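Participant: Take a look at this one; I'll ask things after.
If you want it as structure tokens, here you go:
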């Protein structure tokens, strides 16, 4: 016979499995539709018109039209495509079901059109909204917070292709007490995360890792090098933190979503012509291009990092529906490769992983998620002790600093 604690944990096992699978399927469908639309807009259509997709005119035209289209969706869809992501954390309050179709459309159009944001925030909002709406009707005795936790865990597992990230994130939010151990509370969320990760793996494998030279034995000098790299990444990220709320306040003086997002799309198009197509889109596929290419110089990598970070700030400030983690990882990769090219005595594994750690920490203020992203992109077990050590000065530097969010009284 099972202990009463075990029976309690099993109560949410089936709902957790269902939510994990459903969270992954929502992500897969959205990403597939966005991929098809992206191929149409950036490959088939310019080829039919006899235009190169990387031409300045096409980049500016596509980003401007994307901004106008997203603005129209936000203006006229029920619920205005959900809350402004610049004002919300990654895991927020449930979005009303009426706003979810508009949110999905705005996300797909933004992803396909080349906006420098990832899918994580809108997908999280959609899955939480669906889980709370349906779950509270099927099992009304289960609270909205429990459905939110299961949906967010399933989404994290689906996004990153592993339940490890969910375990790390929720281990610091689901505090234990003498009556309920931590792993009792983690059981259902980990079940949802595992189901989401396994479902995603059936259709595609999220490709985060870069092919960088293997890092050998850790030396004392590497710790100092890593700490300096993290400090540089944090300094660059804090520039974006300072700019975001001020730009958000400025652009929202235009009042109308179509004007705000159309202007934002135009600015993104101009930035895209400066940085090239590698600085467009969410950044995961594009960072692979950075790592594999042998032709980029120090100035190229620096340009990519600055342009991508500027595009991230503009897209977030203007209200495009998307997340900031994936483009922050791209900025970290570009910055890390630039620092390695500049000082090649420091291994690329250190510069890239520590840059990612610093940038993601600035964006999320989640130490576990930052460590996870750095370790996944540069999957070298000998690096993990170094990353844990350099996290300490990074955390000290960011203690008490403002978050990468807009001010709520701007509009």
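Numbering (this note's numbering), first residue to last: 1265 to 1675.
Just so you know, even glycine gets a beta-carbon here, dropped at the ideal spot from N, CA and C.
This structure is a prediction, so every number in the text was calculated from the model and none was measured.
1. Alpha carbon to alpha carbon, how far is residue 1276 from residue 1627?
2. Pop quiz: residue 1682 and residue 1391 are said to be a contact at Cβ under 8 Å. What is the actual Cβ separation, rounded to whole angstroms?
3. When the Cα of residue 1658 is compared with those of 1642, 1671, 1640, 1635, which residue comes out closest?
4. Can you tell me which of the three DSSP states residue 1346 falls into?
5. For a cutoff of 8 Å on Cβ pairs, would you count residue 1330 as touching chain B?
6. Would you identify the three-state DSSP class for residue 1587, choosing helix, strand or coil?
7. Within its chain, find whatever has a CB closer than 6 Å to the CB of residue 1323; leave out the 5 residues flanking it on each side and keep chain order.
8. Ordered along the chain, which non-local residues of its own chain (more than five positions away) have a Cβ less than 7 Å from that of residue 1443?
9. Sort 1587, 1619, 1526 by Cα distance to residue 1336 and report the nearest one.
10. Within a Cβ cutoff of 7 Å, which residues of the same chain sit near residue 1396, ignoring the five residues on either side of it in sequence?
11. First and last residue of the alpha helix (DSSP H) that includes residue 1634?
12. How about residue 1642 and residue 1432: do their beta carbons lie closer than 8 Å?
13. Around the C-beta of residue 1485, are 16 or more other C-beta atoms found within 10 angstroms, so that it is buried, or is it exposed?
14. Hey, out of 1354, 1376, 1283, whose CA is closest to residue 1394's CA?
15. Could you pull the DSSP bridge partners for residue 1382 from this structure?
16. How should residue 1549 be labelled, buried or exposed, when 16 other C-beta atoms within 10 angstroms of its C-beta is the threshold for buried?
17. Count the other CB atoms, across all protein chains shown, that sit within 10 Å of the CB of residue 1483; report buried if there are 16 or more and exposed otherwise.
18. Less than 8 Å between the C-beta atoms of residue 1599 and residue 1617, yes or no?
19. Roughly how many angstroms separate the alpha carbons of residue 1400 and residue 1285, rounded to a whole number?
20. Alpha carbon to alpha carbon, what distance is there between residue 1590 and residue 1545?
21. Please state whether the Cβ-Cβ distance between residue 1551 and residue 1597 is less than 8 Å.
22. Cutting at 6 Å between CB atoms, please list the residues of its own chain near residue 1555, excluding the five before and the five after it.
23. In whole angstroms, what is the alpha-carbon distance linking residue 1370 and residue 1267?
24. Quick one: Cα of residue 1574 to Cα of residue 1511, how far?
25. Shortest alpha-carbon distance to residue 1588 belongs to which of 1269, 1388, 1607, 1331?
26. Using 8 Å for Cβ pairs, my map puts residue 1280 next to residue 1459. What's the rounded Cβ distance?
27. What is the DSSP secondary structure of residue 1391, reduced to helix, strand or coil?
28. Please tell me whether residue 1679 and residue 1320 are closer than 8 Å, where the distance is taken between their beta carbons.
29. Expressed to the nearest angstrom, what Euclidean distance is found between the alpha-carbon atoms of residue 1613 and residue 1646?
30. Cα separation between residue 1273 and residue 1457?
31. Considering only the alpha carbon of each residue, which of 1308, 1540, 1403, 1455 lies closest to residue 1420?
Facilitator: Inspection of the coordinates gives the following:
1. 32 Å
2. It is not possible to answer for residue 1682, since the shown part of the chain is limited to 1265 through 1675.
3. It is 1635.
4. coil
5. Considering every chain present, this structure includes no chain B. It has just one protein chain.
6. strand
7. 1533, 1536, 1537
8. none
9. Nearest of 1587, 1619, 1526 to residue 1336, Cα basis: 1526.
10. Here the set comprises 1358, 1408, 1411, 1412.
11. 1631-1641
12. no
13. exposed
14. 1283
15. 1587
16. exposed
17. Exposed: under 16 other Cβ atoms inside 10 Å.
18. Not closer than 8 Å, so no.
19. 18 Å
20. The C-alpha of residue 1545 lies about 10 Å from the C-alpha of residue 1590.
21. yes
22. Cβ-Cβ distances below 6 Å link residue 1555 to 1474 in the same chain, with the five nearest sequence neighbours on each side left out; the list follows chain order.
23. Looking at the two C-alpha atoms, the distance is approximately 47 Å.
24. 11 Å
25. Looking from the CA of residue 1588, the closest CA among 1269, 1388, 1607, 1331 belongs to 1388.
26. About 7 Å separates the two Cβ atoms, so the contact holds.
27. helix
28. Because the chain is modelled from 1265 through 1675, residue 1679 falls outside the range shown and cannot be assessed.
29. 10 Å
30. 15 Å
31. 1455
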